[in-house]
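Below is one structure, written out as structure tokens; comments come after it.
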Amino acid sequence: MLRAVIFDLDNTLTDFMRMKKVSVEAAIEEMIDAGLPMTADDARKRLFEIYDREGIEDQRVFDKFLKEELGEIDPMIHTAAIIGYRRGREYTLVLYPHVKRTLLELARRGLKLVILSDAPRYQAWSRLCYLQLQHFFDHVITFEDTRVRKPDPAPFMRAIELLQMRPDEVLMVGDWPERDMVGGTGVGIKTVYAKYGDTSGAAVSGANYEIDDISEIVGIVDELLDGDT
Ligand SMILES: [Mg+2]
Numbered sequence: 042m043l044r045a046v047i048f049d050l051d052n053t054l055t056d057f058m059r060m061k062k063v064s065v066e067a068a069i070e071e072m073i074d075a076g077l078p079m080t081a082d083d084a085r086k087r088l089f090e091i092y093d094r095e096g097i098e099d100q101r102v103f104d105k106f107l108k109e110e111l112g113e114i115d116p117m118i119h120t121a122a123i124i125g126y127r128r129g130r131e132y133t134l135v136l137y138p139h140v141k142r143t144l145l146e147l148a149r150r151g152l153k154l155v156i157l158s159d160a161p162r163y164q165a166w167s168r169l170c171y172l173q174l175q176h177f178f179d180h181v182i183t184f185e186d187t188r189v190r191k192p193d194p195a196p197f198m199r200a201i202e203l204l205q206m207r208p209d210e211v212l213m214v215g216d217w218p219e220r221d222m223v224g225g226t227g228v229g230i231k232t233v234y235a236k237y238g239d240t241s242g243a244a245v246s247g248a249n250y251e252i253d254d255i256s257e258i259v260g261i262v263d264e265l266l267d268g269d270t
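If you read the sequence shown in the numbering used here, its first letter stands for residue 42, the second for the next number, and so on.
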């Protein structure tokens with residue numbers, strides 16, 4: 042019997058890449074205004090190279106960028122970058138349509154809800170709290186909880202342990218087939234591919250279900266619950 046739904050966070054509930062792009066653009070604009078001697082195109086290219094190299098959650102990206110480009114961290118340009126980035130983030134950290142209503146529908150059916158994210162603990166919690174999602178979830182599992190990333194079985198097993206359920210009693214929803222689907226399937230959890238969040242456009246997801254809108258989960262859940270009775 043289905044008893045819980047596990048959600049990936051970034052690009053599954055939140056439109057993370059859109060937030061990242063807008064925030065970086067705002068930071069670049071502020072840096073150029075503060076005297077950065079580069080074009081916006083060059084700055085964008087170099088910043089995303091650093092994200093590719095260091096990880097998209099890198100918190101010192103502007104320090105590294107300025108050191109590499111100018112040989113030093115100019116305090117005015119650095120501060121301008123951070124202020125611009127934060128301002129961009131305020132406007133663009135948003136949920137995909139129908140997220141809250143869907144979570145509420147699932148909670149009404151008595152299902153436990155879990156976040157399983159590879160993001161660092163503070164970043165994951167700040168996104169959840171900013172979006173006022175924190176009360177929906179029974180457990181929030183982030184990178185620090187197991188120190189390994191999906192598709193390693195450890196974070197999935199941690200979720201199962203905390204829930205005190207069997208893998209066949211939970212459903213995993215995520216946007217990244219190589220991590221969310223491979224990891225879930227590997228430990229015997231059924232998976233739902235959030236196609237709308239995947240910018241890489243995977244042709245074959247390997248998931249049990251594919252959705253174009255998060256609200257489609259409600260139908261899948263009802264089908265699974267009906268199948269059990
Ligand atoms: Mg994701």
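We treat Cβ as the ideally placed atom computed from N, Cα and C, and that holds for glycine. Since the model is a prediction, treat every value here as computed from it, not as a measurement.
query                                                                                                                                         : result
Do Ala248 and Thr232 come within 7 Å of each other at the CB atom, strictly closer than that value?                                           : yes
Quick one: what's Val135 bridged to in DSSP?                                                                                                  : In DSSP, Val135 forms no bridge with anything.
Look up His180 in the DSSP assignment and give the residues it is bridged to.                                                                 : Val155
Determine the burial state of Leu145: buried for a count of at least 16 other Cβ atoms within 10 Å of its Cβ, exposed for fewer.              : exposed
Taking the straight line between their C-alpha atoms, what separation do you get for Lys153 and Met222?                                       : 20 Å
In chain order, what residues have a CB nearer than 6 Å to some heavy atom of ligand 1?                                                       : Asp49, Asp51, Asn52, Thr53, Gly215, Asp216 and Trp217
Please look up how many angstroms separate the CB atoms of Val63 and Thr133, rounded, as I've assumed it's under 8 Å.                         : 4 Å
Give the secondary structure of Val63 by DSSP, where H, G and I count as helix, E and B as strand, and everything else as coil.               : helix
Terminal residues of the continuous alpha helix (DSSP H) containing Tyr92?                                                                    : Ala81 to Glu95
According to DSSP, simplified to helix, strand and coil, what is Met72?                                                                       : helix
Are Lys191 and Asp159 touching if we call contact CB-CB under 7 Å?                                                                            : yes
Which value, in whole angstroms, describes the spacing of the CA atoms of Val211 and Val189?                                                  : 21 Å
Comparing alpha-carbon positions, which option in Ile255, Glu66 and Asn52 lies nearest Ile123?                                                : Glu66
Skipping 5 residues on each side, what residues in its chain have a beta carbon closer than 7 Å to that of Met198?                            : Val228
Give a yes or no on contact between the stretch 253-261 and the stretch 133-143, applying the rule of three or more CB pairs nearer than 8 Å. : yes
CB Phe106 to CB Leu77, shorter than 7 Å?                                                                                                      : no
Using the Cβ count rule (16 or more neighbours within 10 Å means buried), how would you classify Asp51?                                       : buried
Looking at the structure shown, is Ile252 part of a helix, part of a strand, or coil, going by DSSP?                                          : strand
Answer with buried or exposed for Met60, where buried requires no fewer than 16 other C-beta atoms within 10 angstroms of its C-beta.         : buried
Could you name the residues that DSSP lists as bridge partners for Tyr234?                                                                    : Gly215 and Glu251
In its own chain, which residues sit with a C-beta less than 7 Å from the C-beta of Gly242, not counting the 5 before and 5 after it?         : none
Could you compute how far the alpha carbon of Pro161 sits from the alpha carbon of Met79?                                                     : 31 Å
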